[in-house]
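When we follow the working numbering, the leftmost residue of the sequence shown carries the number 1, and every step to the right adds one. Notes to accompany the following structure.
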Amino acid sequence: MRPDCRKLSPDQVRAIRAYAKGRNPYTAAAELHGTRELPVTLKALVLVITGETYRDLLPKADMQDSGHGD
């Protein structure tokens, strides 16, 4: 998960996912972000709800970069 997603406790993650279950993840994230004091960004909430990580959202070309300069 993204670094700011790590600021959430496992209990908070479970509560967020339970709240958003069966709902549009973006709408649920916006509602949670507006009503609760959570130490994460709106984008991080969407990632928590969908169960994706920041790495999953990167283009495949970025993922294949070996990190070695030619």
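Where a beta carbon is used, it is the ideal one built from N, C-alpha and C, also for glycine. Predicted model only: the values in this text are computed from it and were never measured.
Could you tell me the distance, in whole angstroms, from the CA atom of residue i to the CA atom of residue j?
i	j	result
residue 46	residue 19	12 Å
residue 42	residue 16	12 Å
residue 27	residue 36	14 Å
residue 52	residue 39	18 Å
residue 50	residue 25	7 Å
Does the beta-carbon distance from residue i to residue j come in below 7 Å?
i	j	result
residue 4	residue 44	yes
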